[in-house]
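Undergrad: Using the working numbering, the first residue of the sequence shown is number 67, and each one after it goes up by one.
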Amino acid sequence: MTRTAVVRTVAELNELLLPSQLAMSPVALVPTMGALHDGHRALLRTARELGDVLVVSIFVNPTQFAPGEDLERYPRDLDRDLRTCQSEAVDLVYVPDVESIYPEGIHGGITVDPGELGLLFEGASRPTHFRGVLTVLAKLFGLVRPRYALFGEKDYQQLALVRAMARDFAWRVEVTGVPTVREPDGLALSSRNRYLDDVERESAVALWHALRAGVRNAGDGAAAVLAAAHEVLAAAEGVRLDYLALTDPKLGPVTAQGEARLLVAAAVGSTRLIDNVPVLLGNAAKHATG
Ligand code: PAF
Numbered sequence: 067m068t069r070t071a072v073v074r075t076v077a078e079l080n081e082l083l084l085p086s087q088l089a090m091s092p093v094a095l096v097p098t099m100g101a102l103h104d105g106h107r108a109l110l111r112t113a114r115e116l117g118d119v120l121v122v123s124i125f126v127n128p129t130q131f132a133p134g135e136d137l138e139r140y141p142r143d144l145d146r147d148l149r150t151c152q153s154e155a156v157d158l159v160y161v162p163d164v165e166s167i168y169p170e171g172i173h174g175g176i177t178v179d180p181g182e183l184g185l186l187f188e189g190a191s192r193p194t195h196f197r198g199v200l201t202v203l204a205k206l207f208g209l210v211r212p213r214y215a216l217f218g219e220k221d222y223q224q225l226a227l228v229r230a231m232a233r234d235f236a237w238r239v240e241v242t243g244v245p246t247v248r249e250p251d252g253l254a255l256s257s258r259n260r261y262l263d264d265v266e267r268e269s270a271v272a273l274w275h276a277l278r279a280g281v282r283n284a285g286d287g288a289a290a291v292l293a294a295a296h297e298v299l300a301a302a303e304g305v306r307l308d309y310l311a312l313t314d315p316k317l318g319p320v321t322a323q324g325e326a327r328l329l330v331a332a333a334v335g336s337t338r339l340i341d342n343v344p345v346l347l348g349n350a351a352k353h354a355t356g
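#1: With the cut-off set at 8 angstroms, would you say R211 and Q323 are in Cβ contact?
#2: Return the chain-ordered ranges of every alpha helix (DSSP H) run that is complete within the stretch 75–157 and spans a minimum of 4 residues.
#3: Under the DSSP definition of a beta bridge, which residues are partnered with G243?
#4: Report the residue ranges of all alpha helix (DSSP H) runs contained in full by the stretch 273–299; include only those spanning at least 4 residues, in chain order.
#5: Can you confirm whether the stretch 106–123 touches the stretch 90–97 when touching is taken to mean that 3 or more C-beta pairs between the two stretches lie within less than 8 angstroms?
#6: Any idea what DSSP makes of Y309, helix, strand or coil?
#7: Return the Cβ separation of I340 and E188 in integer angstroms, given the expectation that the two are a contact with Cβ distance under 8 angstroms.
#8: Should the stretch 248–263 be regarded as contacting the stretch 226–234, the criterion being three or more beta carbon pairs within less than 8 angstroms?
#9: For the ligand PAF, is there any heavy atom lying closer than 7 angstroms to the beta carbon of D221?
#10: Using only the heavy atoms of the ligand GTP, determine whether one of them is closer than 7 angstroms to the beta carbon of M99.
#11: To which residues does DSSP link D314 through a beta bridge?
#12: Determine the DSSP secondary structure at R258, reduced to helix, strand or coil.
#13: Could you please give me the residues that DSSP links to G324 through a beta bridge?
#14: Report yes if the CB atom of V345 is closer than 8 angstroms to the CB atom of G304, and no otherwise.
#15: I want to check one thing, is the minimum distance from the CB of L227 to the heavy atoms of the ligand PAF below 7 angstroms?
#16: With DSSP as the reference, identify every bridge partner of V334, one or two as the case may be.
#17: Out of curiosity, what's the CA-to-CA distance linking N80 and P141?
#18: Determine whether the beta carbon atoms of T177 and R149 lie at a separation below 8 angstroms.
#19: In or out: R74 buried (at least 16 other Cβ within 10 Å) or exposed?
#20: Indicate the three-state DSSP secondary structure (helix, strand or coil) for R233 in the structure shown.
#21: Straight-line CA distance for R282 to A294?
#22: Going by DSSP, what residue range makes up the alpha helix (DSSP H) through V265?
#23: Thinking C-beta only, is A276 closer than 8 angstroms to V357?
#24: Look up R211 in the DSSP assignment and say whether it is helix, strand or coil.
#25: Relative to the C-alpha of L328, which residue among V334, R338, L312, A101 is closest?
#26: Rounded to whole angstroms, how far is the Cβ of L144 from the Cβ of I124, which I believe are closer than 8 angstroms?
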């Protein structure tokens, strides 16, 4: 197996990517904040199939954390992450420092406005979050110039916004979503799960149970989906609901029939968790389940 190269500067990145760019070999980028888990491995495996060159960025992006959020305690374990990348045959890991991504400082320079969608759902609780996410991704896309960029469906709103950014800015990057990877009991894998103590970990699975209850009621329409999911969350101990929403797949208003997305965010202890599932509403659901 070839060795994974680790680069920290823009000059090193350019030098290593130049041959593949000259050969027009498609680059697949998996942007991450490190603390890699099996959900990231799923991204890496899909990316490996899509691109000739697989690049992973590891950067805990300060601008997507609001003051008082978990920027300082966000898990960091570069050695372990590099071993994961090596075992998944990643070609290049880019580990920039804050100064090279934000030469004007984290409060200066040009930023990307996510528009109205950036203020809904996650954005209602975290109004500056998606500006930070899209801004860092615009920079990473400019530096790496990927043909493919891969994101987990667990952060569904993030995925929708990155797709919208690529479309609106007419970038050639193909934004690909990869289904959520779950623990055996259904909890969505997340770097933040490690903040949960044993009791909180038991409570956290209520998000998954709520989503499943919603899906089971899809044949009876949107109101039934939301009512079933709310019932599970209301009965769950230690879970403080932020939002539960049913939307169309692009996060617009839900239609009575057909494809939809059920999204949930809740705090368990001091940890904020999000999850979502696809839902097939109305008669479509009845036909799908026979
Ligand atoms: O999903 C994440 O880990 C981050 O939001 C991302 C896409 C790497 C941007 O910092």
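Ideal Cβ positions, reconstructed from N, Cα and C, are used throughout, including at glycine.
TA: According to the structure shown:
#1: No; because the gap between Cβ atoms is not below 8 angstroms, this pair is not in contact.
#2: 76–88, 104–116, 144–153
#3: F217
#4: none
#5: Touching, yes, given that three or more Cβ pairs across the two stretches are closer than 8 angstroms.
#6: strand
#7: I340 to E188, Cβ: 7 angstroms. Contact.
#8: no
#9: yes
#10: As far as ligands go, the structure on display features the ligand PAF and does not contain the ligand GTP.
#11: DSSP output for D314 lists no bridge partner at all.
#12: helix
#13: L347
#14: no
#15: No.
#16: For V334, the pairing in a beta bridge is given by DSSP as V305, T337.
#17: When the Cα atoms are used, N80 and P141 turn out to be separated by approximately 28 angstroms.
#18: In terms of Cβ geometry, T177 and R149 do not form a close pair [threshold 8 angstroms].
#19: Label assigned to R74: exposed.
#20: Judged by DSSP in its simplified three-state form, R233 adopts helix.
#21: 8 angstroms
#22: According to the DSSP assignment, V265 belongs to the alpha helix (DSSP H) that extends over 264–270.
#23: Because the chain is modelled from 67 through 356, residue 357 falls outside the range shown and cannot be assessed.
#24: coil
#25: L312
#26: 7 angstroms
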